[in-house]
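Chains as they are written, first to last, in UniProt numbering: chain A, 1 to 275; chain B, 1 to 302.
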């Protein structure tokens, strides 16, 4: 018989995976993987500030992650350094500032490893409410933003010319990312959040024939990885967050096998190939 | 005059002395032209002359840093950008590409794909298309939304010569059928679409403007291009009266040198129809060899 804490972990993890699927697709399509990493790393600064100022943890992480993405937008506009250099600076300095602040606060004891790698087995019922409530909010926002986001992923100028608002869509997308990172931090931890965004989406690509199908498949694959990882961690007594990532990786590797390729070749997209 | 149509015809877009500046440099300056319904305006000019910048300013993607741009309210634009690369991670079929920026009825999608000869490719992923097929898919997408103004940034790039003729014929049909205005950017400095009403030659500013001469009226060009091409293509003869020096300054026909040149400095844009082209051969505008080639009636370099 499964324990309550395990069921809670499963429900929370699957909730996160469903939200991470479509969001992760955009991260992959827009080549924003490193950006996701940067936002996630800045979450530790959010943790430190929440302890320092006695704020709610999720609110604090959301605010810091949003602030970092706005800062990036501002620095990009100034155009002095390339985006990946800026991301490298923001990512590691936010993480380091967070660690330094935590070190100064000798009066608090925090489980750093729990924040870095997540502690899904400590999920409470209140956490589940937040994950599913926030998750539904994010999905609704994504449905609303889908067309402008997808169009500006293909070409922002095209989207702008034809009356969509790519800049606004991009800003809202960053806020959604910040929200998901704030919610998901507890499950897989700061260092592994982006893997839950990217790996299921990359796995879904091979089987998808449209952006929408890829988003749904990514959610399903992510949920499968969460379930597989959690059962694996129960069975072999391995840390839960990393086990979920390993399960996601296993699915990705499976998708690369020749069976997957044959499916791809048999898909209706092929007649257009290389004339 | 700015407008080649009667002033009563409402322009879809009108640029007045528009200029765009980036990092302290004017990409383009002093541009004025307008496009009305059913009118085809072709922008030509060497690389970096501000053609794409001008087109983007016209449709509101870029904001002018001087002058102004007027668009009629609710202007519906169909845009084919110069560069569009779809990441291979994005599964996108031709059919799905059609509804990228707005919903369409199945019939509208089919009509647009049929008009561009892409109906049989509807289920193909865009990453698998050849250059010419991709351009036609993009054109289909732009016309499927029934725009008031169609903006085509080098629509014949990567298309072979007969494909180019076919695309120009298609663009003409679109104009005739829908009556939309068309802003076309040409990669060629001398050969433009025959249906073009106005050619605007840019080189950081409006160098000159005019109407092209139909190829079919000249036996030499007819011999060069063949009858089918001659009905789709036209020749634009330049008549500049100033030279762009390597340091960016401008040498005018009267021997004076100015820092820049844009309409209003009183040096050029005399409405001459004679074929005078007095750019320096190494001015960098890149079309002298081709121009001389035409004088010798040599074959057009692809």
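C-beta: ideal position from N, C-alpha, C; glycine also.
Query	Result
Expected contact under 8 Å - CB spacing of residue 87 of chain A and residue 72 of chain A to nearest Å	7 Å
At least 3 beta-carbon pairs within less than 8 Å: the stretch 10-21 of chain B vs the stretch 58-71 of chain B	yes
Chain A residues whose Cβ lies nearer than 7 Å to that of residue 332 of chain B	In this structure chain B extends from 1 to 302, so residue 332 of chain B is not present and cannot be described.
Residue 185 of chain B versus residue 161 of chain A - alpha carbon distance	16 Å
Contacts that residue 86 of chain B makes with chain D (C-beta to C-beta distance below 8 Å)	Among the protein chains of the structure shown, namely A and B, there is no chain D.
Residue span of the alpha helix (DSSP H) that contains residue 40 of chain B, given as start and end	Not the alpha helix (DSSP H): residue 40 of chain B falls in the beta strand (DSSP E), residues 40-44.
Min CB distance residue 77 of chain B to chain A below 8 Å	yes
Three-state secondary structure assigned by DSSP to residue 276 of chain B	Model confidence at residue 276 of chain B stands at a pLDDT of 38, short of 50, so the residue's coordinates are unreliable and nothing is read from them.
Test: residue 90 of chain B CB closer than 8 Å to a CB of chain A	yes
Simplified DSSP state of residue 80 of chain A, which is helix, strand or coil	coil
Residue 236 of chain B versus residue 199 of chain B - alpha carbon distance	8 Å
Pick from A:183, A:158, A:164 that is closest to residue 57 of chain A, judged by C-alpha positions	A:183
Touch test, the stretch 238-258 of chain A against the stretch 221-228 of chain A, Cβ-Cβ under 8 Å, three pairs minimum	yes
Beta-ladder partner(s) of residue 153 of chain B, from DSSP	B:185
C-alpha gap between residue 91 of chain A and residue 159 of chain B, whole angstroms	44 Å
Classification of residue 176 of chain B by the beta-carbon crowding that lies within 10 angstroms, buried from 16 upward	exposed
Reference residue 142 of chain A; option with closest CA among A:44, A:170, A:154	A:170
Contact set for residue 68 of chain B: own chain, Cβ-Cβ below 6 Å, skip 5 residues either direction	16
Closer than 8 Å to chain B by CB, residue 205 of chain A	yes
Chain A contact for residue 385 of chain B (CB, 8 Å cutoff)	With chain B running from 1 to 302 in the structure shown, residue 385 of chain B is simply not present.
Residue 195 of chain B burial status per 10 Å Cβ neighbour count (16 or more: buried)	buried
Whether residue 221 of chain A touches residue 209 of chain A by CB criterion (8 Å)	no
Residue of A:146, A:38, A:140 minimising C-alpha distance to residue 93 of chain A	A:38
Minimum Cβ-Cβ distance from residue 194 of chain A to chain B less than 8 Å	no
Per-residue burial, residue 126 of chain A [other beta carbons within 10 Å of its own, 16 or more giving buried]	exposed
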